[in-house]
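Counting from 3, one number per residue, gives the positions in the sequence shown under our numbering. We put the beta carbon where it would ideally sit given N, CA and C, even for glycine. Note sheet for the following structure.
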Amino acid sequence: MLPSDKNNTQRGFEKTQKQLVEIRQMGVNDLSGVLSIEKVSFRTPWSEGIFRDELFSSLCHSLVATVEDKIVGYICFAIIVDEVHLRNISVHKDFRRCGIASQMMSEMIRTSQERGVLWSTLEVRRSNTAAIQFYEKYGFEIKGIRRSYYRDTGEDAFIMWVNLKEYSSRGRKRHFHHE
Ligand SMILES: CC(C)(COP(=O)(O)OP(=O)(O)OC[C@H]1O[C@@H](n2cnc3c(N)ncnc32)[C@H](O)[C@@H]1OP(=O)(O)O)[C@@H](O)C(=O)NCCC(=O)NCCS
């Protein structure tokens, strides 16, 4: 999606309605809502089984964003010692560019910092410019490439990292707080 699509995606939900967004733990009952977003967001979507495994893993954290009880996004991340691996994030097409992914990222960072995590990392398709721009806005930098990482297309993955401590000291921490 290009930045010029911005106005087309908001469809009645604006950034100013941020207070309507609730971020909470994902539960098994949320999976149908989560899967309906997952299936239209990714070429090779995660199965229900993968989400269930995340829910029952002690390392994994899964959150949903809701607006008036409707699931509009989700984030899955795993904390391993001093690293947090962002495993999945998606927002319903009609609710993109409203700050919802930012709110979920903020929650991931807050949870990670509480646990003394120093680094965050993720993989993203080379062609996913929307996601790359989103991650760059929040301090992630491309630090490596996994060649032909995605089996469906053979596409490369960029490996992105952010040092969470550095992130705060660079004065960008305000992005992680809900206004
Ligand atoms: C990437 C994604 C999660 C972003 O969700 P979102 O809720 O729209 O993101 P936000 O509104 O919080 O965006 C915050 C900032 O990120 C950047 N950004 C987000 N989407 C962008 C886009 N399509 N183009 C350019 N920049 C973008 C902008 O700087 C934006 O700030 P702005 O709206 O004030 O300009 C969403 O596009 C999505 O669900 N994509 C499909 C799933 C996916 O690719 N997930 C990532 C897998 S690695």
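Asked: Is the stretch 71-80 touching the stretch 26-43 in the sense that three or more CB pairs, one from each, lie closer than 8 Å?; Found: yes
Asked: How should arginine 99 be labelled, buried or exposed, when 16 other C-beta atoms within 10 angstroms of its C-beta is the threshold for buried?; Found: buried
Asked: Is asparagine 130 near ligand 1, going by C-beta to nearest heavy atom under 7 Å?; Found: yes
Asked: Buried or exposed for isoleucine 82, please, with buried defined as at least 16 other CB atoms from any protein chain shown within 10 angstroms of its CB.; Found: exposed
Asked: How about leucine 166 and valine 119: do their beta carbons lie closer than 8 Å?; Found: yes
Asked: Taking one C-beta from the stretch 143-160 and one from the stretch 95-115 each time, how about it: are there three or more such pairs within less than 8 Å?; Found: no
Asked: Under the rule that 16 or more other beta-carbon atoms within 10 Å means buried, what is asparagine 31, buried or exposed?; Found: exposed
Asked: Can you find the residues in the same chain that come closer than 6 Å, C-beta to C-beta, to aspartate 84, ignoring five residues on each side of it along the sequence?; Found: Val119, Leu120
Asked: Residues in the same chain with beta-carbon distance under 8 Å from valine 126, minus the five sequence neighbours each way, listed in chain order, please.; Found: Ala133, Ile134, Tyr137, Ala159, Phe160, Met162
Asked: Closest to methionine 106 by CA distance: which of Gln19, Asn90, Lys95 is it?; Found: Asn90
Asked: Report the option in Ile52, Phe97, Gly101, Asp96 whose CA atom is closest to the CA atom of phenylalanine 79.; Found: Ile52
Asked: In the DSSP assignment, what are the bridge partners of asparagine 130?; Found: According to DSSP, asparagine 130 bridges with nothing at all.
Asked: Return the CA-CA distance between glutamate 50 and threonine 18, expressed in angstroms with no decimal places.; Found: 33 Å
Asked: Measure how close the beta-carbons of valine 86 and serine 122 come, nearest whole angstrom, since I'm counting them as under 8 Å.; Found: 5 Å
Asked: My assumption, with CB atoms under 8 Å, is that serine 150 sits in contact with glycine 156. Please give the rounded CB distance.; Found: 5 Å
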